[in-house]
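If you read the protein sequences in the order shown, they are chains A and B.
Those letters in the first sequence? Residues 1 to 207, per the UniProt record's numbering, in order.
Those letters in the second sequence? Residues 1 to 207, per the UniProt record's numbering, in order.
Glycine included, each C-beta is placed from N, C-alpha and C at the ideal position.
Because the structure is a prediction, the values reported are computed rather than measured.
Some notes on the structure that comes next.
2 protein chains.
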Amino acid sequence: MSETPATGEPTARRRGRPPRAESADTRDRILSAAREEFSERGYEKTSVRGIAKAAGVDSALVHHYFGTKEQVFEAAVAVAFAPALNAPEALAAGSLDGVGERLTRFVFGVWDNPTTRRPLLAILRSAVNNETAAAVFRRLVASQLLRRIAAQVDLPDPELRAELAAAQLVGTAMMRYVIKLEPLASADLEQIIARVAPVVQGHLTRP
Amino acid sequence: MSETPATGEPTARRRGRPPRAESADTRDRILSAAREEFSERGYEKTSVRGIAKAAGVDSALVHHYFGTKEQVFEAAVAVAFAPALNAPEALAAGSLDGVGERLTRFVFGVWDNPTTRRPLLAILRSAVNNETAAAVFRRLVASQLLRRIAAQVDLPDPELRAELAAAQLVGTAMMRYVIKLEPLASADLEQIIARVAPVVQGHLTRP
């Protein structure tokens, strides 16, 4: 990719700070290139230089907008997780009785769709392989997603409960979509939800 | 590493087929080097040449004993999994009532020990990142370990049940030992077993 030809900007402009009007567009283009690069290569093999090249900008501009590679990764993951980070509010809409099924349906809804699965897979792979990527996963998933689910649980150890529920969900998604264990990989999604939802519910609300 | 100097063998001997007496020792040395290389680098970055170098033998000898890189990996994983592959018989010793707790204690006993955790971690990382390594994981874990647990379950969908139980166990191990989510990573092991064992039991025996 290169700068949009329609704007007719001289290449040299790329090295300076862009004016405000151009900022949001350039930032989005870098973020989009970053998501693509991290999804394609994983955290370790992705470089700021590669992201800059894919976005058609200078590396300095990537650093200007986002900082280090870790910070670009965190920004890209935050975008991929945006729908999930809104989940706790959606889940809170009903009573806590049905939270196991709502959370399970939500998670498998995201994993079962190849488009939304791809960034999750990239994050999971990066987090399993690289301590820096694991730290980003911890910050976003633990502090933002699980803490907010835990906040709705009025029982001892709410955070541990939320993490063990997440362990069943992430473990099942990994066995089904990554390792592709049979019969789990080919099983009907409703059959899996019927078995997993009560477990998630139990973790969160069993006294 | 190099050939044991005490034997005084000429280097040229490495390229031919070794006599029987030497075979078992050389095979073990290659397997041990393979485990070390795969643990250290993961499946993708490990090469047969690197394994041969670490074992102090020619690459042709590695191919002679094990075949392709995938087959060396499978042999190395089989050694790492040997204790786990004996688990189903051990688990079958008691009644099915306590199988959830016995299986959970067994799995966390292996994961909580840094020495036995290391090869598991390497297998998990490789399987998440590489389709060939995932296929090896499927064959060994699914066909050998989970099928044998499922064989003891006299209820509908025994294999799916065993896989969902494994998903809770592997997911929890991943969150605790790889991603290191808190409070799960620092939680007392008995507290985790108390919460996870009934879930594993439920997957396997709940009607």
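Nearest to Gln-201 (chain A) by CA position, among A:Lys-180, A:Val-178, A:Ala-162, A:Arg-176, is which residue? Indexing the first sequence from 1 puts residue 201 (chain A) at position 201. The shortest C-alpha separation from Gln-201 (chain A) is found at A:Ala-162.
Compare the beta carbon distance of Gln-152 (chain A) and Leu-189 (chain A) with 8 Å and say whether it is the shorter of the two. Reading the first sequence from its first residue, position 152 is the one you call residue 152 (chain A). Reading the first sequence from its first residue, position 189 is the one you call residue 189 (chain A). Contact flag unset, no.
Could you tell me the distance, in whole angstroms, from the CA atom of Arg-14 (chain A) to the CA atom of Ser-32 (chain A)? By 1-based counting over the first sequence, the position of residue 14 (chain A) is 14. By 1-based counting over the first sequence, the position of residue 32 (chain A) is 32. With a pLDDT of 47 at Arg-14 (chain A), under the threshold of 50, the modelled position of that residue is not reliable, and the figure given next carries that caveat. Looking at the two C-alpha atoms, the distance is approximately 18 Å.
Counting only beta-carbon atoms, is Glu-70 (chain A) nearer than 8 Å to chain B? Locating residue 70 (chain A) in the first sequence gives position 70, where the first residue counts as 1. No, Glu-70 (chain A) lies away from the interface with chain B (no Cβ there is under 8 Å from its Cβ).
Would you list, in chain order, the members of the stretch 124 to 143 of chain A that have their beta-carbon closer than 8 Å to a beta-carbon of chain B? Leu-124, Arg-125, Ala-127, Val-128, Asn-129, Ala-134, Phe-137, Arg-138, Val-141, Ala-142
By the three-class DSSP mapping on this structure, what secondary structure does Asp-97 (chain A) have? Translated into positions along the first sequence, residue 97 (chain A) becomes position 97. Of the three classes helix, strand and coil, the one that applies to Asp-97 (chain A) here is helix, per DSSP.
What whole-angstrom Cβ distance do Leu-184 (chain B) and Arg-195 (chain B) have, given they're in contact under 8 Å? As a first step, residue 184 (chain B) is located in the second sequence; it is residue number 184 there, counting from the start. As a first step, residue 195 (chain B) is located in the second sequence; it is residue number 195 there, counting from the start. With 8 Å as the limit, Leu-184 (chain B) and Arg-195 (chain B) do not qualify as a contact, their Cβ atoms being about 10 Å apart.
Listed by chain order, chain A residues near Val-77 (chain B) by CB distance under 8 Å: If you number the second sequence from 1, residue 77 (chain B) lands on position 77. In chain order: nothing, as chain A lies at least about 13 Å away.
Which word fits Ser-39 (chain A), buried or exposed, when buried means at least 16 other C-beta atoms lie within 10 angstroms of its C-beta? In the first sequence, residue 39 (chain A) corresponds to position 39, counting from 1. It counts as buried.
Using a Cβ cut-off of 8 Å, pull out every chain A residue sitting near Lys-180 (chain B), in sequence order please. In the second sequence, counting from the first residue as 1, residue 180 (chain B) sits at position 180. The contacting residues are Ala-134, Arg-138.
Closer than 9 Å at the beta carbon, the chain B residues around Thr-172 (chain A): For the purposes of this step, residue 172 (chain A) is taken as residue 172 along the first sequence, with counting starting at 1. Chain B residues near Thr-172 (chain A): Glu-163, Leu-164, Ala-167, Gln-168, Gly-171.
Three-way DSSP call (helix, strand, coil) for Lys-180 (chain A) in this model: Counting from one through the first sequence, the residue named residue 180 (chain A) turns up at place 180. Looking at Lys-180 (chain A) - three-state DSSP - the assignment turns out to be coil, as it is neither helix nor strand.
Let me confirm a value: Arg-35 (chain B) is counted as buried when at least 16 other C-beta atoms fall within 10 Å, else exposed. Which label applies? Here residue 35 (chain B) refers to the residue found at position 35 when the second sequence is read from its first residue. The residue in question, Arg-35 (chain B), is buried, as its Cβ has 16 or more Cβ neighbours within 10 Å.
Taking 8 Å as the cut-off, does the stretch 140 to 160 of chain A touch the stretch 52 to 60 of chain A (at least 3 CB pairs, one atom from each stretch)? no
Taking Cβ to Cβ, would you say Leu-120 (chain A) is nearer than 8 Å to Val-110 (chain A)? Against the first sequence, residue 120 (chain A) aligns to sequence position 120. Against the first sequence, residue 110 (chain A) aligns to sequence position 110. Cβ atoms of Leu-120 (chain A) and Val-110 (chain A): closer than 8 Å.
In chain order, what residues of the same chain lie with their CB nearer than 6 Å to the CB of Val-72 (chain B), ignoring the 5 residues before and after it? Start at 1 with the first residue of the second sequence, and residue 72 (chain B) comes out as number 72. The residues are Ala-34, Phe-66.
For the stretch 28 to 90 of chain A, list the alpha helix (DSSP H) runs that are entirely contained and at least 4 residues long, ordered along the chain. 48 to 55, 59 to 66, 69 to 85
Alpha carbons only, please: which of A:Ala-173, A:Ser-143, A:Arg-138 is nearest the one belonging to Ile-193 (chain A)? Mapped onto the first sequence, residue 193 (chain A) falls at position 193. Here the closest residue by C-alpha is A:Ala-173.
Interface residues of chain E facing Ala-33 (chain A) [CB-CB closer than 8 Å]: The chain labelled as chain E is not found among the protein chains of the depicted structure, namely A and B.
Status (buried if at least 16 other CB within 10 Å, exposed otherwise) for Thr-68 (chain B): Within the second sequence, the letter at position 68 stands for residue 68 (chain B). Thr-68 (chain B) is exposed by the Cβ-count criterion.
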